[in-house]
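J.: Protein chains in written order, with this note's numbering: chain A, 576 to 792; chain B, 576 to 792; chain C, 1418 to 1647; chain D, 1418 to 1647.
We treat Cβ as the ideally placed atom computed from N, Cα and C, and that holds for glycine.
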Amino acid sequence: MLDKHGIAKRIAQELRDGWYVNLGIGIPTLIANYVPEGLQVEFQSENGILGMGPFPTEEEVDADLINAGKQTITAMPGAAIFDSATSFAMIRGKHIHLTVLGAMEVAQNGDIANWKIPGRMVKGMGGAMDLVASADNIIVAMMHTNKKGYSKLLKKCTLPLTGVGCVTKIVTNLAVLEVDSGRFKLIERAPGVTVYDIEKATEGELIIDGDIPEMNI
Amino acid sequence: MLDKHGIAKRIAQELRDGWYVNLGIGIPTLIANYVPEGLQVEFQSENGILGMGPFPTEEEVDADLINAGKQTITAMPGAAIFDSATSFAMIRGKHIHLTVLGAMEVAQNGDIANWKIPGRMVKGMGGAMDLVASADNIIVAMMHTNKKGYSKLLKKCTLPLTGVGCVTKIVTNLAVLEVDSGRFKLIERAPGVTVYDIEKATEGELIIDGDIPEMNI
Amino acid sequence: MNKVVQSASEAIKGIKNGMTLMLGGFGLCGIPENSIAALVSAGVSGLTCISNNAGVDDFGLGLLLQKKQIKKMISSYVGENAEFERQMLNGELEVDLIPQGSLAERCRAGGAGIPAFYTPAGYGTEVAEGKEVKLFNGKPHILEYALSADFAIVKAWKGDRLGNLIYKGTARNFNPMMAMAGKITIAEVEELVEPGELDPNFIHTPGVFVQRIFQGNNFEKRIEQRTIRT
Amino acid sequence: MNKVVQSASEAIKGIKNGMTLMLGGFGLCGIPENSIAALVSAGVSGLTCISNNAGVDDFGLGLLLQKKQIKKMISSYVGENAEFERQMLNGELEVDLIPQGSLAERCRAGGAGIPAFYTPAGYGTEVAEGKEVKLFNGKPHILEYALSADFAIVKAWKGDRLGNLIYKGTARNFNPMMAMAGKITIAEVEELVEPGELDPNFIHTPGVFVQRIFQGNNFEKRIEQRTIRT
Chain A
576 MLDKHGIAKR IAQELRDGWY VNLGIGIPTL IANYVPEGLQ VEFQSENGIL GMGPFPTEEE
636 VDADLINAGK QTITAMPGAA IFDSATSFAM IRGKHIHLTV LGAMEVAQNG DIANWKIPGR
696 MVKGMGGAMD LVASADNIIV AMMHTNKKGY SKLLKKCTLP LTGVGCVTKI VTNLAVLEVD
756 SGRFKLIERA PGVTVYDIEK ATEGELIIDG DIPEMNI
Chain B
576 MLDKHGIAKR IAQELRDGWY VNLGIGIPTL IANYVPEGLQ VEFQSENGIL GMGPFPTEEE
636 VDADLINAGK QTITAMPGAA IFDSATSFAM IRGKHIHLTV LGAMEVAQNG DIANWKIPGR
696 MVKGMGGAMD LVASADNIIV AMMHTNKKGY SKLLKKCTLP LTGVGCVTKI VTNLAVLEVD
756 SGRFKLIERA PGVTVYDIEK ATEGELIIDG DIPEMNI
Chain C
1418 MNKVVQSASE AIKGIKNGMT LMLGGFGLCG IPENSIAALV SAGVSGLTCI SNNAGVDDFG
1478 LGLLLQKKQI KKMISSYVGE NAEFERQMLN GELEVDLIPQ GSLAERCRAG GAGIPAFYTP
1538 AGYGTEVAEG KEVKLFNGKP HILEYALSAD FAIVKAWKGD RLGNLIYKGT ARNFNPMMAM
1598 AGKITIAEVE ELVEPGELDP NFIHTPGVFV QRIFQGNNFE KRIEQRTIRT
Chain D
1418 MNKVVQSASE AIKGIKNGMT LMLGGFGLCG IPENSIAALV SAGVSGLTCI SNNAGVDDFG
1478 LGLLLQKKQI KKMISSYVGE NAEFERQMLN GELEVDLIPQ GSLAERCRAG GAGIPAFYTP
1538 AGYGTEVAEG KEVKLFNGKP HILEYALSAD FAIVKAWKGD RLGNLIYKGT ARNFNPMMAM
1598 AGKITIAEVE ELVEPGELDP NFIHTPGVFV QRIFQGNNFE KRIEQRTIRT
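1) Which residues share a DSSP beta bridge with Gly1576/C?
2) Give me the subset of the segment 1530-1548 of chain D whose CB atoms are less than 7 angstroms from a CB atom of chain B, sorted by chain position.
3) Could I get the ranges of all uninterrupted beta strand (DSSP E) runs contained in the segment 632-670 of chain B, with 3 residues as the minimum, in chain order?
4) For Tyr517/B versus Ala587/B, is the C-beta distance shorter than 7 angstroms?
5) Hey, quick one: how far does the beta strand (DSSP E) through His1621/C stretch, first residue to last?
6) Check whether the segment 688-708 of chain B touches the segment 1593-1613 of chain C, taking contact to mean three or more Cβ pairs, one atom from each stretch, closer than 8 angstroms.
7) In chain C, which residues lie less than 7 angstroms from Glu621/A when you measure between Cβ atoms?
8) Among Gly1447/C, Asp1474/C, Gly1477/C, Ile1487/C, which one has its Cα closest to the Cα of Thr1437/C?
9) Under a Cβ-count criterion, where at least 16 other Cβ atoms within 10 Å of its own Cβ denotes burial, should Ile602/A be classed as buried or exposed?
10) So, using beta-carbon positions, are Leu814/A and Ile792/A closer together than 7 angstroms?
11) Express the C-alpha separation of Gln615/A and Gly623/A in angstroms, rounding to a whole number.
12) Closer than 7 angstroms, Cβ to Cβ, to anything on chain B: give me those residues from the segment 1615-1641 of chain C, in chain order.
13) Which chain B residues are close to Asn1590/C, counting only those with a beta carbon under 9 angstroms from its beta carbon?
14) Would Ala660/A and Glu1522/C be called neighbours here (beta carbons separated by less than 7 angstroms)?
15) What residue from Met718/B, Thr769/B, Asn684/B, Glu789/B has the CA that sits closest to Gly740/B's CA?
16) Could you spell out the range, first to last residue, of the beta strand (DSSP E) harbouring Asp1513/D?
17) Answer yes or no: does any C-beta atom of chain D fall closer than 7 angstroms to that of Phe1443/C?
18) Contact check, Lys1575/C vs Glu1608/C under 8 angstroms by CB: the rounded distance?
19) Which whole runs of the alpha helix (DSSP H) in the segment 1496-1571 of chain C are 4 residues long or more, in chain order?
20) Report yes or no: is there a C-beta of chain D within less than 7 angstroms of the C-beta of Gly599/A?
21) Return the first residue and the last residue of the beta strand (DSSP E) that Ile773/A is part of.
22) Lys730/B and Glu778/B look like a contact to me (Cβ under 8 angstroms); what is the Cβ gap, rounded to whole Å?
23) Note down the Cα distance separating Gly1539/D from Lys698/B, rounded to an integer number of angstroms.
24) In this structure, does DSSP put Lys579/A in helix, strand or coil?
25) If I'm right that Ile1448/C touches Leu1481/C with Cβ under 8 angstroms, what's the distance once you round it to whole angstroms?
26) With three or more beta-carbon pairs closer than 8 angstroms as the criterion, would you say the segment 1539-1549 of chain D touches the segment 699-708 of chain B?
27) Does chain D have any CB closer than 7 angstroms to the CB of Met665/A?
28) I think Glu1497/C touches Gly1530/C, with their Cβ atoms under 8 angstroms apart; what is that distance to the nearest whole Å?
29) Whose CA, out of Arg1639/D, Phe1636/D, Asn1618/D, Ile1630/D, lies closest to the CA of Asn651/A?
30) Contact criterion: CB-CB distance below 7 angstroms. Does Leu640/B meet it with respect to chain D?
31) Using a 10 Å radius around the Cβ and a threshold of 16 neighbouring Cβ atoms, would you call Tyr1494/D buried or exposed?
32) Given a cut-off of 7 angstroms on the beta-carbon distance, is the pair Val1461/D and Asn1419/D in contact?
33) Chain B partners of Ser1410/D, CB-CB under 9 angstroms?
34) Quick one: Cα of Thr1622/C to Cα of Ile1583/C, how far?
35) Could you check the C-alpha separation between Met1505/D and Val1512/D for me, to the nearest Å?
36) Less than 6 angstroms between C-beta atoms, sequence neighbours within five positions excluded: which residues of the same chain meet that for Gly1477/D?
Rendered as structure tokens:
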């Protein structure tokens, strides 16, 4: 079983040299720490920066340089700053190669819900709806089950949707799965996790095709 | 009767302090020379500059600084450079207070034709269609008649239109006229020009209301 | 041509109860602090505020929410403000939540004379309810309309007397589009300079979009998430 | 990540007969001279070229017209090119003339994932023929579609290895939007620098939009109308 850092590490294996990547708040943010040696990847933050660097030192802190999670950041050499319209032009125009974000629910047809719990949580969708509507390569990073132990990989989302049929891959604490013709195709098991564990934790339909390898992280 | 410079001088009287103004190619360009003392007016050129200044000296010539007529120009202190999309955002978004352009024909309902003679001249509309479709205050600067002596102020345009019902005022070598409920309202006569001269040179319907004053230029 | 006003309170003259305002900023980054303080002092109410976020409880637009000066918020993310959530769930505050990219583009459209455009964002979600849908290359898109405002209030780093603005870092965010979309646009700057001091080639907001400008003072520039590398 | 190529001929690799190209520039100002020369040498033909203008008879896109390499031009103004006019009137060249603002916005839309938008420009003229019309505030607007291209070729002043670009003066014009709208975007720069040498706050085209970059040489930068104040 993986922790948040393990999920981030596994997703980092999906990165390719020269990619521009948008990382959502939470687990996705951690991915920046695990970029494989030798790859150059540029991180985009939708509030208006490409080439986002690590957190600043105490001396470097600048109130005018934050990421989409409102955290203070630094800019890498070769970074570029732009306004919000240009930022979403990049996103909507498919110039970003990979989007990683969290979710409350993912359905087996690729639907995602992560912005609203009716009558309870009212935070707003931020940039998530633009991201999932436009990106061709969307990985969801999340725990396989919620705090009550219920599966977050469902036949059908119960919460208001963020996007329809858009998720391509899901990396959880238990497994790597792909959305494949309306079902979840199991790709890899987390270390020490059995196929049976994953079946138990997955409400949606699973495709289990042959031996499922363990992740190599 | 006015010459080109006289037309430009008369239109310059329409300028107000703080206005942003787009001047077309030809007679309109001359207006910049006659801005009344004490007024600050900013000239926009649709290829991407606000705060266009006079032509450069020999030493100042810069191939990277031209106006919409492809002439070398200078930039005033406080100028701003921008791309073509932003330039037409200004125009389409009604941020420009006055547009002055030439015309081949103007109709009494405010239609204008100035971009195409079918089968003969193929130059293109450039920015003219965007300008006339968006601006609230459009002055046409032109000769009252064409080279053959035919009126350019018509009941109805005969050439392909640039815009419909958009012209607010016309300043010619003979007169100042406004488009008023589907007719040309005569406002002023050029020095030495009679109302009869103007009637003869105008094919469209004229409103002649009381004594028509002579221009004061 | 003189766009310079002497203070935030002079800048906000003419903002009346019930008006629609756009306010730049992302979180607390790049918000017009001085103008917001002046709006609190002026006590103007019934406002519709278009802003990506709604501040925090005791800073930014949170200050106007506390005083119940806001009738309606048009935003993309309001997660950092408990008072906001309370007012919204109690029905005291109207809220229109919009995808962030659509919000940015709708403001730009408002300033650019584009009355409407198609975007894929929000298709199939409650955001698309009641909106026109059209297929492009087989993919459904929804028609989104331009936004504009009686007043847009933006914050820039430097500005000149003609209203030309430059922003610093990610404090740029929504400010340039909102500056375009205000019937009257107020710019609050850290440093007011003379025309000619800003390089024409690197102006972010050309002065044509700005009607009033003033140099703010005592910018707090509060940081929401002070994250440090050790 | 290495976007740097060594020459214009390397940069245009993959441009094939019949492809659609966007080329930046206004008149002869800000045109990708080196790339155009390479296209002439390569002899690629049947091109559809999206460019505000068509050069003059012996420079800019006029060079491609002379060699009959262009099948179709999509432009707003082509008045400076006699060979263009001859080919067009003889039916040797397809021409789509588009209002300049619509051309700029359609390129931006292509790069920004906006498949279509409404504009008032051209309503009531032959430009509007066959296009959807919709009223906004009682005023008719026409629906215009995004433009994109197999290759966009832009000219910038400075650029870095990551493809970040800055333009100089009015040589900016259409280049930034076209850079956004190419499936592959080639940037030809006067000066190629290392990442970190350009101030992130003043990048005109972020590198994400650029796939290939090279330093051109012997820029002629011809002036069409050399007007001098005496």
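T.: With the structure as the only source:
1) Working through the third sequence from its first residue, we reach residue 1576/C at position 159. According to DSSP, which records beta bridges pairwise, Gly1576/C is partnered with Leu1582/C, Leu1609/C.
2) Thr1536, Pro1537, Ala1538, Gly1539, Tyr1540, Gly1541, Thr1542, Glu1543, Val1544
3) 650-656
4) Chain B is shown only over 576 to 792; residue 517/B falls outside these bounds and no answer can be derived.
5) Residue numbering aside, residue 1621/C sits at position 204 when the third sequence is read from its first letter. No beta strand (DSSP E) holds His1621/C; DSSP gives it neither H nor E.
6) no
7) One-based indexing of the first sequence puts residue 621/A at position 46. Under the 7 angstroms cutoff, chain C gives Gln1517.
8) For the purposes of this step, residue 1437/C is identified with residue 20 of the third sequence, where counting begins at 1. Considering only alpha carbons, the answer is Ile1487/C.
9) For the purposes of this step, residue 602/A is taken as the residue at position 27 of the first sequence. Result: buried.
10) Since the first residue of chain A shown is 576 and the last is 792, residue 814/A is not available in this structure.
11) The count along the first sequence starts at 1 and reaches residue 623/A at position 48. The count along the first sequence starts at 1 and reaches residue 615/A at position 40. Their backbone Cα atoms lie some 20 angstroms apart in a straight line.
12) Pro1617, Asn1618, Ile1620, Pro1623, Gly1624, Val1625, Phe1626
13) Taking the third sequence and counting its residues from 1, the one referred to as residue 1590/C is at position 173. In chain order: nothing, as chain B lies at least about 17 angstroms away.
14) On the first sequence, position 85 is the one that residue 660/A refers to. On the third sequence, position 105 is the one that residue 1522/C refers to. Yes, the pair counts as a contact, with Cβ atoms nearer than the cut-off.
15) Here residue 740/B refers to the residue found at position 165 of the second sequence. Nearest of Met718/B, Thr769/B, Asn684/B, Glu789/B to Gly740/B, Cα basis: Asn684/B.
16) Sequence index remark: in the fourth sequence, residue 1513/D carries index 96 (1-based). Segment 1511-1514, the beta strand (DSSP E) holding Asp1513/D.
17) Here residue 1443/C refers to the residue found at position 26 of the third sequence. Closer than 7 angstroms: no.
18) Taking the third sequence and counting its residues from 1, one reaches residue 1575/C at position 158. Taking the third sequence and counting its residues from 1, one reaches residue 1608/C at position 191. That pair is a contact at about 5 angstroms.
19) 1499-1506, 1517-1529
20) The residue labelled residue 599/A in the question sits at position 24 within the first sequence. Judged by the 7 angstroms Cβ criterion, Gly599/A is not in contact with chain D.
21) By 1-based counting over the first sequence, the position of residue 773/A is 198. Not the beta strand (DSSP E): Ile773/A falls in the alpha helix (DSSP H), residues 770-776.
22) Locating residue 730/B in the second sequence gives position 155, where the first residue counts as 1. Locating residue 778/B in the second sequence gives position 203, where the first residue counts as 1. The Cβ separation is near 6 angstroms, so the contact holds.
23) The residue given as residue 1539/D occupies position 122 in the fourth sequence. The residue given as residue 698/B occupies position 123 in the second sequence. Each residue's Cα considered, the two are about 16 angstroms apart.
24) For the purposes of this step, residue 579/A is identified with residue 4 of the first sequence, where counting begins at 1. Of the three classes helix, strand and coil, the one that applies to Lys579/A here is helix, per DSSP.
25) The residue labelled residue 1448/C in the question sits at position 31 within the third sequence. The residue labelled residue 1481/C in the question sits at position 64 within the third sequence. Not quite, the Cβ-Cβ distance comes to about 11 angstroms (not below 8 angstroms), so this is no contact.
26) yes
27) As a working mapping, residue 665/A is identified with position 90 in the first sequence. Closer than 7 angstroms: yes.
28) The count along the third sequence starts at 1 and reaches residue 1497/C at position 80. The count along the third sequence starts at 1 and reaches residue 1530/C at position 113. In fact, because the Cβ distance is near 34 angstroms, the residues do not count as touching under 8 angstroms.
29) What you label residue 651/A is simply residue 76 of the first sequence in a count that begins at 1. First, the residue type needs correcting, since residue 651/A is Met and not Asn in the sequence shown. Met651/A has its Cα closest to that of Asn1618/D, out of Arg1639/D, Phe1636/D, Asn1618/D, Ile1630/D.
30) Taking the second sequence and counting its residues from 1, the one referred to as residue 640/B is at position 65. By this cut-off, Leu640/B is an interface position.
31) The residue given as residue 1494/D occupies position 77 in the fourth sequence. Counting Cβ neighbours within 10 Å, Tyr1494/D comes out buried, since at least 16 surround it.
32) As a position in the fourth sequence, residue 1461/D is number 44, starting the count at 1. As a position in the fourth sequence, residue 1419/D is number 2, starting the count at 1. No, these two residues do not count as a Cβ contact at 7 angstroms.
33) The first residue shown for chain D is 1418 and the last is 1647, placing residue 1410/D beyond what the model contains.
34) Counted from its first residue, the third sequence places residue 1622/C at position 205. Counted from its first residue, the third sequence places residue 1583/C at position 166. Using only the alpha carbons, I get a separation of about 7 angstroms.
35) In the fourth sequence, residue 1505/D corresponds to position 88, counting from 1. In the fourth sequence, residue 1512/D corresponds to position 95, counting from 1. Cα to Cα, the separation comes out at about 7 angstroms.
36) Here residue 1477/D corresponds to residue number 60 of the fourth sequence, with the count starting at 1. Leu1445, Ile1448, listed in sequence order.
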